[in-house]
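Asks: Count along the sequence shown from 1, then add 1; that gives the number in the numbering used here. Okay, handing you the structure first.
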Amino acid sequence: WKTGTSAPSPFGAATATGPVDYDAVRQELKLLMDNPSWDDGSLAPILIRLAWHSSGTYDKETGTGGSNGAGMRYATEAADPENAGL
Numbered sequence: 002w003k004t005g006t007s008a009p010s011p012f013g014a015a016t017a018t019g020p021v022d023y024d025a026v027r028q029e030l031k032l033l034m035d036n037p038s039w040d041d042g043s044l045a046p047i048l049i050r051l052a053w054h055s056s057g058t059y060d061k062e063t064g065t066g067g068s069n070g071a072g073m074r075y076a077t078e079a080a081d082p083e084n085a086g087l
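Spelled out as structure tokens, the structure:
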């Protein structure tokens, strides 16, 4: 989406009511990621890792999985050693 346009919502009825201020979103993400309690002072590496693992769930044959709305729904996913810390 271009700056100043409304982004479609993946949640159906909950849609944006006006233009999206992407600069404000970026600033909020930077504030969120700055976390001195994390090992290197930033949550950015863990978010990048989460995105990588989420993208790896995409199934070309069925069009399911992937990063769009990804999450761990089941305990077996969360317990998978490759998902440790996510």
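Note that CB positions come from ideal geometry on N, CA and C, so glycine has one too.
Starting from Y23, trace the alpha helix (DSSP H) both ways and give me its first and last residue.
Replies: It spans Y23 to M34 - the alpha helix (DSSP H) in which Y23 sits, taken as one unbroken run.
Asks: Quick check: what's the CA-CA separation for D35 versus V26?
Replies: Cα-Cα distance, rounded: 14 Å.
Asks: Which of the three DSSP states, helix, strand or coil, is assigned to T18?
Replies: Three-state result, T18: coil.
Asks: Between G86 and the rest of its own chain, which residues show a CB-CB distance below 7 Å, the 5 nearest in sequence each way excluded?
Replies: I47.
Asks: I need the straight-line Cα distance from G13 to Y23, nearest angstrom please.
Replies: Residue placement at G13 cannot be trusted, given a pLDDT of 45 that sits under 50; the coordinates are not used to answer.
Asks: On a Cα-Cα basis, can you pick out the residue from T58, E62 and A45 that is closest to E29?
Replies: E29 has its Cα closest to that of A45, out of T58, E62 and A45.
Asks: Going by alpha carbons, who is nearest to G67 out of E83, S55, W39 and S38?
Replies: Checked all of E83, S55, W39 and S38; the closest Cα to G67 is S55.
Asks: Tell me where the alpha helix (DSSP H) around T77 begins and ends.
Replies: Segment A76 to A80, the alpha helix (DSSP H) holding T77.
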